[in-house]
Amino acid sequence: MIPPLVPLRIPAGWKISFNQFTESNPELFIDDEYIYRWEFNEDIFQFENSYRKRILDLSWRPEFNPNGEYILVLLDADFPDWSQPLSEFRTKEIKKIIEKTEQWLAEVSKGG
C-alpha cells in the first residue's frame with residue numbers, strides 16, 4: 051500500500067508536472083527494510099509557474115538511501131541550471147520541507 055500524498059497549499063498559477071510526495075516518514079527510514087524506501091527517490095515532485103517562469107523541484111538524494119536528504123530547488127524555467135539553482139534547501143525533516151515548499155510557492159506567486 052502506498053502512503054497518502056502530503057497535503058500542500060498550492061496557490062493558483064502552478065502546474066503540477068508530477069507529484070509523488072507521500073507521507074513516508076524519513077525518521078523511520080533507517081535501512082533497506084523500510085517498506086516505503088522506494089518513495090525516497092530523485093523524482094518526488096515538480097511544479098511549474100509559467101507566468102513567473104519558475105520551477106520548484108523536490109528530490110531525495112542519494113536516491114533510496116537512508117543517509118540521504120530532501121533537496122528542494124527553485125529554478126528559472128527558461129534556463130534551468132540544476133548546478134546553480136536560484137534557491138536550494140536541504141533537510142531530512144518532512145515538516146521543514148513542507149513549510150519551505152509552501153513558503154516558496156506563495157512567494158513566487160506574489161512575484162518574489
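Read in order, the letters of the sequence shown correspond to residues 51 to 162 in our numbering. Cβ atoms here follow ideal geometry from the backbone N, Cα and C, with glycine treated the same way.
Name the one or two DSSP bridge partners that residue i has.
i: Gln-96; result: Phe-68 and Asp-107
i: Leu-55; result: Thr-72
i: Phe-187; result: Given that the chain is displayed from residue 51 to residue 162, the structure contains no residue 187 and the question cannot be resolved.
Terminal residues of the continuous alpha helix (DSSP H) containing residue i?
i: Ser-133; result: That residue, Ser-133, is in no alpha helix (DSSP H); it is neither H nor E in DSSP.
i: Ser-159; result: 144-159
Can you tell me whether residue i is buried or exposed, with buried defined as 16 or more other CB within 10 angstroms of its CB?
i: Tyr-120; result: buried
i: Phe-97; result: buried
i: Ile-85; result: exposed
i: Lys-160; result: exposed
i: Ile-66; result: exposed
i: Gly-118; result: buried
i: Trp-110; result: buried
i: Ser-100; result: exposed
i: Leu-55; result: exposed
i: Ser-133; result: exposed
i: Leu-106; result: buried
i: Leu-122; result: buried
i: Leu-108; result: buried
i: Phe-79; result: buried
Taking the beta strand (DSSP E) that residue i belongs to, which residues open and close that run?
i: Val-123; result: 119-126
If contacts are defined as beta-carbon pairs under 8 angstroms, then residue i and residue j qualify, I think. What distance do you get, rounded to the angstrom?
i: Arg-102; j: Val-158; result: 5 angstroms
i: Ser-137; j: Leu-124; result: 4 angstroms
i: Ile-144; j: Pro-53; result: Not really, about 11 angstroms apart at Cβ, beyond 8 angstroms.
i: Phe-68; j: Phe-90; result: Not quite, the Cβ-Cβ distance comes to about 16 angstroms (not below 8 angstroms), so this is no contact.
i: Pro-57; j: Asp-81; result: Actually they are not in contact, since the Cβ atoms of Pro-57 and Asp-81 sit about 28 angstroms apart, beyond 8 angstroms.
Compute every distance between the C-beta of residue i and the non-hydrogen atoms of the ligand ZN, then say whether any falls below 6 angstroms.
i: Leu-155; result: Looking at this structure, you won't find the ligand ZN or any other ligand, since it has none at all.
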